[in-house]
Each structure stands twice: as structure tokens, then as C-alpha cells.
Amino acid sequence: MADTRGRGGVPRRMLFERDEELLLFDSMLDDLCGRAGEGSAPNGGLLAIAGSAGLGKTTLVAEVRRKAAARGCTLLAARGSELEESVAFHVVRQLVQPVLAATSEDEHRKILGSWYDIVAPAVGLVAGKSGVAPDPQGVRDGLDWLVTRFSVQYAPVVLVVDDAHWADEETLAWLTSFALRAGDLPLLIVVAYRPEELPRHAAEFRRLATRHGSRPLDLSPFTPAAVADLVRDVLGADGDDLFARECWTLTAGNPYEAVELVARIRDRGIKPQYANAGELRELASAVSGNGIIERIDRLGPSAGRLTWAVAVLGTDAGREMAAGVAGLGVEEMADAVDRLREARIFAPEHDRLDRLDFFHPLVGTAVYRAIPAALRVAMHGQAAFAVSEAGLGPTAAARHILEMHPENDRWAVRQLRAAARDYLRAGAPDAARRCLARALREPPALDERAEVLFELGCSALLNEPATTVNHLKAALEEPELAPELREAVTYRLAQALAHTDRMAEAAAVVAAEAKHSTSARTRLRMQAETFQWNAFRADEEDSPARSRSLARLADHLTGRGKAERYILGLRAWDAMVRGEPAETALRYAEEALEGGLPWTDENWGFEVPVLVALTFMYCDQPGRADELFNEGIAECERKGWRGAHLSFGLTLLGYIKFHRGRLAEAEDLVHSGLRIADRVGHQVPAQWFALGILIEILLARGRVQDAQELSDEYNYGQVVPNAVVYPDSETVYSELLIARGLRTDAEERLRAVGRRLEPRGMRNPMWCPWRPLLAQTIAHTDPAEAAAVAQEAVDVARRFGTPGAVGRALHAAAKVTSGADSLALMGEAVRQLERSPAAYELAQALVDHGAMLSRAGLPQDAADLLMRGLESAALCGADALATRAREELAASGLRPLQLRATDSDLLTSQEKAVAELAALDWENRRIAEELGYKERTVELLLSGAFRKLGTDRGGLAGLLPHQARGSGIRGVPGR
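Its first residue numbered 0, the sequence shown is counted upward by one per residue in numbering that gives the first Met the number 0.
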């Protein structure tokens with residue numbers, strides 16, 4: 000390799016003993032840029048460089064950057080900093096700000112699109128005024144979009160992060176998840192780090208290279224031969240081997256120390272002969288640790304103070320600011336900088352002419368640790384004021400305040416609270432929590448203490464709900480607590496208790512506040528919260544009493560305020576779960592929606608809007624629920640809420656699709672929801688919902704083994720959550736046991752479900768079909784009880800009154816009844832389900848009815864039903880049911896004809912014509928006469944319309960306008 004000038008003006012070769020590493024990088028660079036003459040497409044990847052301090056990572060990274068630039072690549076480069084690990088997205092900003100700085104705000108908004116308000120605070124752009132804090136996953140997804148856009152727009156791109164072990168936690172979390180996508184982009188990611196200094200939270204980052212199908216490049220110290228080459232390269236070809244060997248021995252082959260030692264030898268004019276080896280030990284001691292400090296001391300007190308200032312300021316170390324913190328004049332400052340650069344303490348002049356940096360990270364570490372503790376704290380105080388006065392923002396000041404001792408300083412508290420707000424807006428709640436915890440120790444003034452405790456509790460809610468509970472309880476005990484703040488604290492405390500599976504305490508907290516508040520509005524709000532958390536309690540002692548109180552209150556509300564609408568929404572849900580007439584539940588649900596129920600109101604939560612939407616699903620109007628969920632999911636995505644909220648949204652939208660008989664689409668959605676839930680945490684509510692729904696879908700598709708493996712993977716059915724989840728986990732697990740032929744175990748669990756739900760009045764078989772399943776389980780051992788249990792379900796379903804509920808219950812009753820009664824019940828079940836949007840359940844009933852008729856010697860009647868059942872099963876994605884229908888047809892001596900149905904949500908002209916008249920409350924006979932159809936034809940056309948629109952007859956008027964616009968039923972926005 001050719002000679003060049005190194006930092007500090009020392010001639011040296013570019014690199015020693017790094018040929019294999021550079022060859023690998025060259026190969027990856029060829030893949031990225033497309034190999035010359037081969038016409039290959041660009042292919043990105045990941046290169047991880049690992050090595051202890053001083054092994055040459057930074058030098059190797061510099062060569063990587065040089066080579067990438069020479070090939071015309073766009074460089075996104077950053078370096079972690081030991082003192083700035085606490086600054087959220089510090090490294091991300093280094094990566095993207097140089098590119099963003101070259102464009103205008105209008106261009107930024109064009110690049111980021113709908114992600115702008117979510118990502119802008121994290122990357123240091125002008126943020127919107129919404130004030131809503133995105134969740135960390137939403138910000139990570141937005142950064143994915145931004146860097147993906149850069150990778151395509153500025154391809155090929157090389158993204159380099161040096162000293163990644165010092166990168167902030169938020170950057171590492173993003174980089175760890177995003178790096179796996181590099182292979183699909185014209186993007187090469189290069190990370191260099193000290194493996195022994197990676198923080199505990201970087202466990203996934205440590206495994207990053209392995210997950211990418213490679214392993215880190217582990218750098219080794221120089222061999223004696225490499226040190227000998229270095230000696231001859233710098234000191235002259237006459238350097239002897241024994242002298243070089245002594246250099247290697249004193250530095251243990253550490254490249255940084257070897258280079259520094261040789262540079263010191265050259266400065267002293269020592270001849271590289273073994274006779275002079277005795278002078279090396281003193282020189283070697285000066286190239287690391289205390290030796291560096293001694294070298295600085297010899298440069299004078301001004302140089303020493305300046306190095307301290309630069310070590311404390313970190314990346315904020317501009318000349319003027321460093322001079323101010325160090326207390327140096329202009330000439331004294333210039334002289335100190337020159338001497339420190341000449342001594343290889345400071346790096347050569349930076350691209351930013353006012354920027355000061357250390358020659359090597361090891362030098363900066365040694366300087367910082369050498370500052371006397373009390374003086375270091377004081378200098379951080381000076382630095383905090385300096386960066387604040389320079390307009391660098393509260394997060395820059397907060398980094399220094401975190402290193403100071405508490406001094407009852409109100410300015411420090413204000414800066415820390417402001418920094419916490421900025422961090423929350425950037426999707427960095429952990430960083431916000433650190434600032435607020437420090438503000439609490441300052442401490443704040445008495446009139447501020449409750450506010451700080453509240454803000455601290457809110458910042459820790461997602462990650463440390465148990466800690467949140469302690470802070471919020473302390474806030475409630477503060478004497479200086481305004482009524483509005485008390486209400487907000489109480490709500491958040493109940494939410495935190497619920498997140499820690501303490502539903503009873505959550506209900507008790509808001510109930511107590513409802514009793515003591517003097518504000519009618521607050522009392523009503525707390526009553527709504529009390530009803531909500533009690534409804535989610537699996538151990539509620541007197542659910543009927545709560546239901547009666549809720550019904551009495553709801554009957555006197557107008558829905559004018561948000562609290563009233565939430566109570567109306569809870570009343571709708573309660574009426575549905577209890578099996579009251581569906582028209583009652585739907586009436587309250589519509590009233591709750593009249594003033595709007597947003598999903599992303601941080602002061603109210605999204606639970607009640609979700610319950611209202613699901614009420615429509617259970618009441619045979621899943622199309623309306625579909626619309627509400629699409630709107631809610633879009634709202635979450637716009638606000639950057641892409642964690643638990645989005646997981647629930649996608650999962651429950653999948654459940655709605657399942658209720659509409661769209662099994663493949665449902666499975667995809669719930670898988671997406673489960674993947675997000677897995678990122679949120681283990682055995683969190685979002686997981687329970689996703690697992691239960693996914694197991695139901697897999698069973699419906701005939702994939703019993705897949706359902707069992709999923710159950711085993713997550714220990715589903717073995718751990719019962721304390722909160723009410725839907726579908727009920729014990730009931731779903733019983734379905735799995737039945738599918739596996741374990742009827743005795745299923746019976747035991749289903750009876751336990753009945754003992755749990757009956758006293759609570761939760762009887763609707765649409766919400767929890769434990770009775771139909773129990774009847775199916777015991778049909779062979781106790782047919783009389785099975786028939787009685789099934790009839791109870793039919794009675795409750797008839798009271799609820801939806802065709803879907805009645806049809807499902809009749810179907811179950813027919814299967815445990817024998818003879819002519821069984822055929823009659825199954826026929827009625829088919830007729831009821833034809834009037835509902837329950838496509839999968841209709842397909843089941845058609846096949847079962849056809850099989851019964853075939854066995855009764857009525858093959859022609861059976862054939863039509865089996866063929867319709869086969870078509871419906873195929874459209875639903877119920878593969879096992881479709882196979883069974885074919886087998887039944889074959890057993891009857893019939894050959895399945897070509898399927899006539901098409902998988903489309905748009906109504907045919909005939910379906911649209913009959914649906915429009917049905918929406919006007921015309922009876923089927925009148926419609927038939929008007930259009931010249933047979934009445935049975937009208938029934939079948941309406942059945943198709945119900946399936947496509949996702950509603951029963953009662954919901955036609957509300958959904959038909961969307962078909963008139965030719966839109967069909969929308970999918971998930973942004974997917």
C-alpha cells in the first residue's frame with residue numbers, strides 16, 4: 000500500500016494486516032454497486048466489525064468510507080459517543096441530517112409523506128403541532144420508510160455506524176430491526192463496535208450479524224511482523240527486528256498503541272536499533288491511560304482545561320463554546336488547539352472548522368475520567384447553561400443536568416421537563432423517564448411536584464406500568480393538586496393498574512374518585528371508567544348489579560358529552576354480552592357514535608371505541624364494524640401508534656373478517672397483529688386476543704396441527720388471564736381439544752366456563768359459544784343433556800334475535816338431535832344463516848344439511864345444498880370443509896360441477912336491486928313481485944348481498960351507499 004499522511008502528520012501505511020477484511024468489503028461493495036460487466040442487480044447487506052479498544056475499527060471504517068465514496072456511493076455516517084448514549088436518536092440524526100440539510104422543509108414533507116409528523120422530532124426536523132406522542136414502534140417504522148426512501152433515491156447507499164456500542168438505545172433498537180431488510184435494498188450497512196462494551200439492552204444487536212446469515216469480523220491485534228512493517232514504514236528501512244519485537248511486546252500488538260508508540264519514537268528522533276530499546280518503556284507508558292494525561296499536563300494548564308471542556312461537551316464542542324466552558328481567551332484558545340493537535344490529542348482540523356474532537360476515542364475517555372469528580376460536575380453545569388444559551392434545545396441541556404448533583408434548581412427542573420416532552424414527542428419514552436426521574440430528585444417546588452410525578456408516571460406507562468403506579472399514587476397524595484390534574488392522574492393510575500392485570504384496583508380507584516369529586520363532569524367520567532374496568536374484570540363479584548346500574552344511567556343520558564358517549568358505548572357492549580335484544584345494543588352503539596369516538600385520545604383510551612365497533616360485529620353487522628376498524632387503524636397509523644394499539648386493531652379486524660367468512664384475509668391480519676404483539680411483550684393482552692382468534696381461524700381452515708403448535712409455542716390454554724378477553728381463551732382451547740378428539744378434557748373446561756360466565760349474566764352464544772360446544776362434546780355420552788344444553792343456547796339466541804346467532808344455535812342443536820327433528824332444525828338453521836352475513840357458518844350448515852339429506856335418501860335435494868356449501872367453503876378459504884363437501888358429493892354418486900361463485904365484494908346488478916328494495920323495508924314477497932323473481936330467488940340474492948356487505952337486513956340501508964360509489968368494502972389503509 001502507498002504511503003500517506005496520518006492524523007497528526009505521521010507518515011504511515013493506510014492499514015496493516017486487514018487485507019482479508021478489505022477484500023470482503025470490496026466484494027460486498029461489488030454486490031451493492033453491481034459487478035462490472037455482469038449486469039447484476041444491486042444487492043445490499045450487513046458488515047459487522049467487532050474488536051476491543053484500539054484494534055483499528057475506526058481506521059478500517061475510514062477506509063470503508065473512502066472506498067465507498069470512490070465507487071460513487073452515498074454515505075450516511077455516524078459515530079456513537081460515550082457521553083451521549085442517553086440522548087435519544089443522537090446517532091440517527093447524524094446519519095440522516097446531512098442529507099436532509101440539503102433539502103427544504105417542503106421536500107422533507109414530500110419525502111416523508113404521512114410519516115412526517117411521526118418522524119420529524121426524532122430526526123430533528125420542524126415538528127407538527129399535534130402534540131400527540133407516537134409510540135416507539137411507530138417512530139421505528141417511520142425511520143424504516145425514510146432510510147428506505149434514501150436507499151432508493153440515492154442508491155447505492157453505504158450506512159456506517161462507528162463505535163456502535165456507544166450508540167443511544169433508540170438508535171440501536173431501530174438499526175437492529177431495520178438491518179435485516181438491507182439485503183432487499185441497494186444499501187450496505189457497516190457497524191463497528193466493542194463487543195465487551197455493548198450494553199445489556201443490545202442483546203439483539205449483538206446477534207445481528209448471525210441473524211443476517213454471517214458473523215462479525217473479529218479484529219485481531221497486530222502480529223510481530225505487522226509491527227515490524229510499521230516500524231520500518233515510519234522510522235526507516237534500517238529498523239532492526241529486535242527493536243520492532245520490543246515495540247510489539249510493549250503494546251501487545253494493539254494497533255492504536257503501536258502507531259502512537261512509533262510516532263513518539265519518531266518525534267524523539269530515536270534510532271530503531273535494539274541498542275535503544277531501553278528507552279521504549281517510558282514512551283509506551285505515555286500512549287494510553289495515565290500516560291495520555293501526563294502528556295497533556297506537559298502542554299500547560301490552558302491545554303488541560305480545554306481538553307476537559309471538549310470531553311464534557313462531546314459533539315457540542317465548537318471552538319467558542321469550548322473556550323467559554325474552559326475559560327480561555329481567543330489567543331490562548333488558538334494556541335492550545337495547535338499544541339493539542341501537534342501532540343495528537345486533538346484530531347486534525349474537522350470539516351466543520353469550529354468543531355473540536357479527540358484524536359481517538361480512547362483519548363477522550365482517558366481525559367474525561369481524569370477530570371476530578373467535583374470539577375466534572377461543575378463543568379457539566381457550565382455546559383448545560385452554555386448549550387441552552389446557544390439555542391441547542393432542552394435535550395442538549397438535559398444531558399449535562401443528568402450528570403449534575405441535585406441542587407433544588409427550578410431552572411434545571413424546567414429544562415428536564417421540557418426535554419422529557421421533546422423525547423415523548425420523538426417516541427423515546429425511556430429517555431423522557433430518565434429526565435423526569437432526575438427532575439424529581441432535584442427536587443421540584445411543591446407546586447410542581449404533582450405535575451412531575453404525573454408526567455413521570457405517564458412516561459413509564461408502556462414499559463414500566465408497575466413503576467407508574469407508584470408515581471401516580473404519590474401524585475394523588477400531594478397537597479397541591481388541581482382538580483383537573485387529579486382527574487388526569489386518577490385516569491392514568493387506573494390505566495396503569497389495568498396494564499398490570501390489577502383490574503379490581505383500577506375499578507376501585509376511579510370509583511373512589513367518583514364518590515369524592517365535587518364536579519358533576521368528573522363524577523360522570525369516573526363512573527364511565529368504573530364501568531369499563533369492572534367489565535374487563537374476570538373476577539367481578541356482582542356483574543348483574545353493575546349491568547343494572549349501567550342500564551339505569553344510560554337511559555337518562557343524551558350523548559352530548561364524551562363521558563356520556565363512553566357510557567352509552569359500554570351499555571351497548573354490556574347489552575350484547577348479556578344477550579339482550581340486538582336492537583337494544585345497536586341503538587346504544589349508534590347513540591355512542593353520534594358525537595364521535597376517537598381511538599387515539601390519550602385521555603380516554605381506545606377500549607370503548609373498540610367495544611362499540613365489535614358490538615356491530617356480534618349483532619350481524621360486521622361490515623359496519625369493518626368500516627369503524629379501518630377508520631380507527633388509519634387514525635392510529637397517522638399518529639404513529641404502531642405498537643399495542645395497532646396490534647389490537649389488526650387482530651380484531653381479522654376477527655371481523657373471520658365473522659364475515661374471509662378466512663385467508665383474517666389469518667393474514669391476525670398474524671400481523673401477533674407479530675406486533677410479540678414485539679410489545681410476553682403474555683400481554685394483545686397476544687391473548689391474537690392467539691385465540693388465530694387458533695379459531697386455523698381450526699376453521701382445518702389446520703388442527705398448526706393450531707396445536709401455536710398453542711404450545713405460547714403456552715395458550717395453560718395460563719388463564721385475569722382480564723376478560725374475547726374470544727374467551729378457555730372456550731377456544733376447548734375447541735382445540737374437541738378438534739383433537741379430547742372430549743373429556745374439553746367438557747371439563749367448558750363446564751368451568753359456564754360456571755364462570757353464568758353468574759355474571761354473560762350468556763350470549765354469539766360472544767361465547769360454550770353451550771353449543773358443550774352440547775357437541777357430551778352428545779355421545781349424555782344425549783339428553785346435550786339436547787337440553789343446545790336448546791338453552793337456542794332460547795338465548797332467539798332472545799338476542801339476530802339471524803346469525805339463531806342460525807348458529809340451531810345448527811348446533813341439529814347436530815345433537817336425531818331423526819326428523821334434526822333435519823328440521825338444520826333446515827331452519829340454513830334459512831336463518833342465509834339471512835345473515837355469516838358466510839363460513841352458512842357453508843358449514845349447507846354441507847351438514849346436504850350430508851343429512853343424502854343419508855336420508857334424498858340425493859337430489861342434497862346435491863344442491865352440497866354444491867352451494869362447496870362454493871361457499873371455497874370462497875371462505877375453508878379448505879377442510881370444501882374437501883368434506885366434495886367427499887359427500889362423491890359418496891352420493893355425484894360429481895362436483897365447476898364452481899359458479901366468484902370472490903368479489905361488489906354486488907351483482909340482481910343482488911343490488913333486491914338489496915335496495917329490502918333496505919326500504921319491503922318484504923321478500925313484494926320484492927319478488929316487483930322484479931318478477933321467485934321468492935326463493937330473492938332469498939338467495941339477499942343472502943349473497945348480506946355476505947358481501949357484511950350485514951343482516953337491518954344494516955342494509957347504512958352500507959348500500961358505499962356500494963353505490965363502487966368502492967366495495969375497504970381493506971386496511973396503508974397495507
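The beta-carbon is built from N, C-alpha and C at its ideal position, and this holds for glycine as well.
Only a predicted model underlies this, so the values are computations on that prediction, with no experimental measurement involved.
Query                                                                                                                                                                             : Result
Write down every uninterrupted run of the beta strand (DSSP E) in the segment 194 to 257 whose length is 3 residues or greater and which is fully enclosed by it, in chain order. : none
From this set, Q381, D29, C767 and T58, which residue's C-alpha is nearest A69's C-alpha?                                                                                         : D29
Is the beta carbon of Q152 closer than 8 Å to that of R641?                                                                                                                       : no
For the beta strand (DSSP E) that contains G44, what are its first and last residues?                                                                                             : G44 to A49
Are the beta-carbon atoms belonging to A427 and A87 less than 8 Å from one another?                                                                                               : yes
So for G803, helix, strand or coil by DSSP?                                                                                                                                       : helix
Pull up the CB-CB distance for V160 and V226, whole angstroms please, since I reckon it's below 8 Å.                                                                              : The Cβ separation is near 29 Å, so there is no contact.
Sort E729, G672 and P120 by Cα distance to R748 and report the nearest one.                                                                                                       : E729
Using the Cβ count rule (16 or more neighbours within 10 Å means buried), how would you classify F850?                                                                            : The question names Phe, but residue 850 is Ala in the sequence shown. It counts as buried.
Tell me whether Y422 sits in a helix, a strand or coil according to DSSP, three-state version.                                                                                    : helix
In whole angstroms, what separates the C-alpha of P393 from that of R78?                                                                                                          : 22 Å
On a CA-only basis, which of Q381, R432 and V611 is nearest A417? Give me that one, please.                                                                                       : R432
Can A890 and A918 be called in contact, C-beta distance under 8 Å?                                                                                                                : no
Quick one: what does DSSP say R797 is sitting in, helix, strand or coil?                                                                                                          : helix
In angstroms, rounded to a whole number, what distance separates the CA positions of R501 and V95?                                                                                : 43 Å
Do you know whose CA, among E928, E910 and Y617, lies nearest G800's CA?                                                                                                          : Y617
Taking 6 Å as the limit between beta carbons, can you name the residues of its chain near L492, skipping five residues before and five after?                                     : L471 and V508
Can you give the Cα-Cα distance for E833 and R536, rounded to whole angstroms?                                                                                                    : 36 Å
Compare the C-alpha of L982 against each of V189, D863 and A862 and name the closest.                                                                                             : Nothing in the structure corresponds to residue 982, since the chain is present only between 0 and 974.
Do the CB positions of G43 and L186 come within less than 8 Å of each other?                                                                                                      : yes
Quick check: what's the CA-CA separation for I264 versus Y255?                                                                                                                    : 14 Å
Output the distance between the C-alpha atoms of Q775 and W769, rounded to the nearest integer angstrom.                                                                          : 10 Å
According to DSSP, is T102 part of a helix, a strand, or is it coil?                                                                                                              : coil
Would N469 and P442 be called neighbours here (beta carbons separated by less than 8 Å)?                                                                                          : no
If you pair each beta-carbon of the segment 131 to 145 with each one of the segment 640 to 658, do three or more pairs fall below 8 Å?                                            : yes
Which term fits L905, buried or exposed, when burial requires 16 or more other beta carbons within 10 angstroms of its beta carbon?                                               : exposed
So, are the CB atoms of V679 and T650 less than 8 Å apart?                                                                                                                        : no
Quick one: grab the DSSP three-state call for L76.                                                                                                                                : Inspection of the sequence shows that residue 76 is occupied by Ala rather than by Leu. A76: strand per DSSP, three-state reduction.
Quick one: using the 10 Å Cβ neighbour count with 16 as the cut-off for buried, is G931 buried or exposed?                                                                        : exposed
Mind checking whether Q531 and V607 have CB atoms under 8 Å apart?                                                                                                                : yes
Can you tell me whether DSSP reads F358 as helix, strand or coil?                                                                                                                 : coil
To which residues of the same chain is R924 closer than 7 Å at the C-beta, ignoring the five residues directly before and after it?                                               : E934
Could you give the DSSP three-state label for L158: helix, strand or coil?                                                                                                        : strand
Around the Cβ of G973, are there at least 16 other Cβ atoms within 10 angstroms (buried) or fewer (exposed)?                                                                      : Note on G973: pLDDT 32, under 50, position unreliable in the model; the coordinate value appears next. Classification for G973: exposed.
Where DSSP assigns a beta bridge to F688, which residues make up the other side?                                                                                                  : F688 pairs with nothing; no bridge assigned.
Residue range of the beta strand (DSSP E) that L857 falls in?                                                                                                                     : Element bounds for L857: n/a, residue is neither H nor E.
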